[in-house]
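Going by full-length UniProt numbering, the first residue of the sequence shown is number 1, and it counts up by one from there.
I have placed the structure first, in the form of structure tokens, so that the comments after it can refer back to it.
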Amino acid sequence: MPDAESSPDSIEELELDSSVDSIIKAGEIATHFARRVGLNEDDCYRLGLAVHEAVANAVIHGNRYAPDKRIHLRISARPDRVTVTIRDEGEGFDSSSAADAPITGNLSRSGRGLLLIRELVDELSARHHDDSPGTELCLTKHVRH
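Written out as structure tokens, the structure is:
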């Protein structure tokens with residue numbers, strides 16, 4: 001029998017198109033999932049907005065709206081947290097400093113996504129896999145009792 005750390009209580013996996021509709025859909029799915037597993041309303045909103053921003057980055061900057069590239073969305077819940085993983089199929093970016101980039105006053109219009117995501121979730125990591133294209137963001141929101 002797997003232990004609680006290795007197997008989530010609830011899980012949802014989807015593949016989405018590289019479209020604006022997918023950005024909206026992903027945020028809504030994450031919000032409903034978080035509500036279903038017991039996050040408070042404020043944390044549901046924060047997680048949904050963070051996922052919306054992460055998928056927007058994946059669609060716009062990662063896949064560049066390419067119709068042949070997909071967005072991979074995985075949402076899982078454990079008693080103490082909800083984790084959302086978003087992976088695009090783009091060329092990737094230097095993720096080594098993305099999750100902890102400094103806050104500056106010189107943010108471009110499209111440079112605010114990761115900063116906003118970092119403020120909305122409790123944990124954020126970014127990585128590029130050598131064996132698959134794209135970048136993967138992992139967002140975690142802790143359950144507050």
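Note that CB positions come from ideal geometry on N, CA and C, so glycine has one too.
Source: prediction; values computed, not measured.
**Message:** Any beta carbon of chain E sitting closer than 8 Å to that of Ile86?
**Reply:** This model lacks chain E altogether, as it is built from one protein chain only.
**Message:** Tell me the DSSP secondary structure of Glu12 in three-state form.
**Reply:** Here residue 12 is taken as the residue at index 12 of the sequence shown, counted from 1. Of the three classes helix, strand and coil, the one that applies to Glu12 here is strand, per DSSP.
**Request:** On a CA-only basis, which of Glu53, Val20, Ile24 and Ile75 is nearest Ala34? Give me that one, please.
**Result:** Position 34 of the sequence shown, counted from the start, is the residue given in the question as residue 34. Ala34 has its Cα closest to that of Ile75, out of Glu53, Val20, Ile24 and Ile75.
**Prompt:** Residues in its own chain within less than 8 Å of Val55 by CB, not counting five upstream and five downstream?
**Reply:** Position 55 of the sequence shown holds residue 55. Excluding sequence neighbours, Val55 sits near Leu16, Ser22, Ile23, Ala26, Gly27, Ile71, Leu73 and Ile86.
**Request:** Would you check if the distance between the CB atom of Asp9 and the CB atom of Pro79 is smaller than 8 Å?
**Result:** As a working note, residue 9 is residue 9 in the sequence shown. As a working note, residue 79 is residue 79 in the sequence shown. Yes, the pair counts as a contact, with Cβ atoms nearer than the cut-off.
**Asked** In three-state terms, what does DSSP make of Glu91?
**Response** By one-based count along the sequence shown, residue 91 stands at place 91. Coil at Glu91, not helix or strand.
**Message:** Less than 8 Å between the beta carbons of Asp88 and Thr135, yes or no?
**Reply:** Within the sequence shown, the letter at position 88 stands for residue 88. Within the sequence shown, the letter at position 135 stands for residue 135. Yes. Within cutoff.
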